[in-house]
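Engineer:
Numbering (my numbering), first residue to last: 73 to 478.
1. Per DSSP, what kind of secondary structure is residue 234 in: helix, strand or coil?
2. Specify whether the stretch 156 to 167 and the stretch 211 to 218 touch according to this definition: at least 3 beta carbon pairs, one from each stretch, less than 8 Å apart.
3. Is the stretch 87 to 103 touching the stretch 249 to 268, taking contact as three or more C-beta pairs under 8 Å?
4. Give me, in chain order, the residues of the same chain whose beta-carbon lies closer than 6 Å to that of residue 397; leave out the 5 immediate sequence neighbours on both sides.
5. Quick one: any contact between the stretch 428 to 444 and the stretch 124 to 136, if contact means 3 or more CB pairs under 8 Å?
6. On the CB-based measure, 16 or more other CB atoms within 10 Å of its CB, does residue 81 come out buried or exposed?
7. Taking the straight line between their C-alpha atoms, what separation do you get for residue 326 and residue 176?
8. How long is the line joining the alpha carbons of residue 308 and residue 209, rounded to whole angstroms?
9. Is residue 117 near residue 243, with beta carbons less than 8 Å apart?
10. Helix, strand or coil: how does DSSP classify residue 179 here?
11. Would you kindly check if the distance between the Cβ of residue 374 and the Cβ of residue 86 is under 8 Å?
12. Report the three-state DSSP secondary structure of residue 78 (helix, strand or coil).
13. Does the stretch 126 to 146 come within contact of the stretch 219 to 229, defined as at least 3 CB pairs closer than 8 Å?
14. What is the residue span of the alpha helix (DSSP H) that residue 107 lies within?
15. What first and last residue would you give for the alpha helix (DSSP H) that runs through residue 225?
16. For residue 327, which three-state DSSP category applies?
17. Measuring alpha carbon to alpha carbon, tell me which of 194, 233, 121, 388 ends up nearest residue 173.
18. Are residue 258 and residue 364 touching if we call contact CB-CB under 8 Å?
19. So the alpha helix (DSSP H) residue 360 belongs to, where does it begin and stop?
20. Report the start-end ranges of each alpha helix (DSSP H) in the stretch 432 to 469 that is 4 residues or longer and not cut off at the edges.
21. Taking its Cβ as the centre, do 16 or more other Cβ atoms sit within 10 Å of residue 198, making it buried, or is it exposed?
22. Quick one: give me the first and last residue of the alpha helix (DSSP H) that residue 61 is part of.
23. Could you have a look at residue 349 and say whether DSSP puts it in helix, strand or coil?
24. First and last residue of the alpha helix (DSSP H) that includes residue 145?
25. Hey, residue 350 and residue 391: beta-carbon distance below 8 Å or not?
26. In this structure, does DSSP put residue 413 in helix, strand or coil?
27. According to DSSP, is residue 423 helix, strand or coil?
28. Excluding the 5 residues preceding and the 5 following residue 330 in the sequence, name in chain order all residues of the same chain whose CB lies nearer than 8 Å to its CB.
29. Quick one: residues in its chain with C-beta nearer than 7 Å to the C-beta of residue 101, no 5 flanking neighbours on either side, listed in chain order?
30. Just the C-alpha distance for residue 362 and residue 301, rounded to the nearest angstrom, thanks.
31. Look up residue 265 in the DSSP assignment and say whether it is helix, strand or coil.
32. Spatial neighbours of residue 103 within its chain, please: CB distance less than 6 Å, with the 5 preceding and 5 following residues excluded, ordered by chain position.
33. Among the residues of its own chain, which have a CB less than 6 Å from the CB of residue 190, if the five just before and after it don't count?
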């Protein structure tokens, strides 16, 4: 039994690659807005850099997932990581604002490699291992969100390369991290999709862009509801992530140093929660029940933020929020993996990531509108919607497509 439950070496390799990739991405998070200001962009124009990335990722992710089914996981991981290298080098040396938009769009188009990495996890694990595997994978991936922001500030203290500003150095370090991940993937990670299941053809059709799959993704009602859950869960969370920063700085009167610490604190809690709590709780609760419970608790915590606008209450709420918020996405990924066949894994996870990309593009914009009605409004709306989503999540248990019981 111990041998059967032990995760294979390939899992740890692809998880390490995903961690390095997440670090290279999260280095940009505290850098992008002030870097955009160096180009004289307005707040609205600066926010559109995130939208450009998310929309490009929405277009690119299904293609990466489909091609990983067609020609193999490893080539797509390497190519997409190299795309991140090129995009961040372009951003670092960007002489014009439009060049910066181009760099973010390129990074988005090639940045959906997490779905390919998830497909590798599905390839090499048994159904009994997948909840644990996705939990560890998500936790270590999220650990990159802890390492990234402090590393961004460190990058800005490095002696700048001629022609590159201190903020641009964050993009250089990010490019270096992505290059390390690409080399590691190329040199160490074996291909997990058998050659007999790949046709090795690179030709693409309009269908590979995912529009048709998105339009027909609800043909299997249960799988379609999982896609919708991904979108709704992602949108409500990104409403929080945008509103969190002005609330912390303006309402609570904190500085950017404490804001960076809050990001690290939240990331550490999420990592520990996914690695050490998700597995034991899964053994005691069914997947859907655990998902519903986590969403209800998250919704209540969101509503409590503006209800108790003190720094002391904030840290207490963030502690519980960091723990609870770590559960939904790996649980949703596990449900999707169990509801799709092996041959559909890459495509399904790619489509799922496209829904998440749409949420990442829409959530911050919605939050920006809600902030005009008060800094607490995004929390109240996101909290209420999260509780409603929890009720909707009960429908994932319905065996309307003869899915295996969970």
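By construction, the Cβ of each residue, glycine as well, lies at the ideal position given by its N, Cα and C atoms.
Structural biologist: For this structure:
1. As a working mapping, residue 234 is identified with position 162 in the chain shown. Coil, per DSSP.
2. no
3. yes
4. The count along the chain shown starts at 1 and reaches residue 397 at position 325. Counting only Cβ-Cβ distances below 6 Å, and skipping sequence neighbours, we find 370.
5. yes
6. Along the chain shown, read from residue 1 onward, the residue named residue 81 stands at position 9. Exposed is the call here.
7. Position 254 of the chain shown holds residue 326. Position 104 of the chain shown holds residue 176. Distance between the alpha carbons of residue 326 and residue 176: 30 Å.
8. Mapped onto the chain shown, residue 308 falls at position 236. Mapped onto the chain shown, residue 209 falls at position 137. Looking at the two C-alpha atoms, the distance is approximately 22 Å.
9. For the purposes of this step, residue 117 is taken as residue 45 along the chain shown, with counting starting at 1. For the purposes of this step, residue 243 is taken as residue 171 along the chain shown, with counting starting at 1. Taking 8 Å as the Cβ cut-off, residue 117 and residue 243 do not qualify as a contacting pair.
10. Residue mapping note: residue 179 aligns to position 107 of the chain shown, counting from 1. Reduced to three states, the DSSP call for residue 179 is helix.
11. Working through the chain shown from its first residue, we reach residue 86 at position 14. Working through the chain shown from its first residue, we reach residue 374 at position 302. For residue 86 and residue 374, no; Cβs fall outside 8 Å.
12. Taking the chain shown and counting its residues from 1, one reaches residue 78 at position 6. Three-state DSSP puts residue 78 in coil, outside helix and strand.
13. no
14. In the chain shown, residue 107 corresponds to position 35, counting from 1. Here the alpha helix (DSSP H) through residue 107 covers 104 to 110.
15. On the chain shown, residue 225 is found 153 positions in, with the first residue counted as 1. Start and end: 199 to 229.
16. Within the chain shown, residue 327 is the residue found at index 255, counting from 1. Residue state, collapsed to three classes: coil.
17. Locating residue 173 in the chain shown gives position 101, where the first residue counts as 1. Considering only alpha carbons, the answer is 121.
18. Stepping through the chain shown from its first residue, residue 258 is reached at position 186. Stepping through the chain shown from its first residue, residue 364 is reached at position 292. For residue 258 and residue 364, no; Cβs fall outside 8 Å.
19. By 1-based counting over the chain shown, the position of residue 360 is 288. 359 to 379 is the extent of the alpha helix (DSSP H) around residue 360.
20. 449 to 465
21. One-based indexing of the chain shown puts residue 198 at position 126. Per the 10 Å Cβ criterion, exposed.
22. Nothing in the structure corresponds to residue 61, since the chain is present only between 73 and 478.
23. By one-based count along the chain shown, residue 349 stands at place 277. Residue 349: coil per DSSP, three-state reduction.
24. Working through the chain shown from its first residue, we reach residue 145 at position 73. Per DSSP, residue 145 belongs to the alpha helix (DSSP H) from 145 to 164.
25. Translated into positions along the chain shown, residue 350 becomes position 278. Translated into positions along the chain shown, residue 391 becomes position 319. Not closer than 8 Å, so no.
26. Looking up residue 413 in the chain shown gives position 341. If DSSP states are grouped into helix, strand and coil, residue 413 belongs with coil.
27. If you number the chain shown from 1, residue 423 lands on position 351. In this structure, residue 423 counts as helix in the three-state DSSP scheme.
28. Locating residue 330 in the chain shown gives position 258, where the first residue counts as 1. Cβ neighbours of residue 330 beyond the five flanking positions: 320.
29. As a working note, residue 101 is residue 29 in the chain shown. Here the set comprises 220, 221.
30. For the purposes of this step, residue 362 is identified with residue 290 of the chain shown, where counting begins at 1. For the purposes of this step, residue 301 is identified with residue 229 of the chain shown, where counting begins at 1. Taking the straight line joining both Cα atoms gives about 14 Å.
31. In the chain shown, counting from the first residue as 1, residue 265 sits at position 193. Coil at residue 265, not helix or strand.
32. As a working note, residue 103 is residue 31 in the chain shown. For residue 103, where only same-chain residues beyond five positions count, the Cβ hits under 6 Å are 224, 239, 242.
33. Numbered from 1 along the chain shown, position 118 holds the residue referred to as residue 190. 421.
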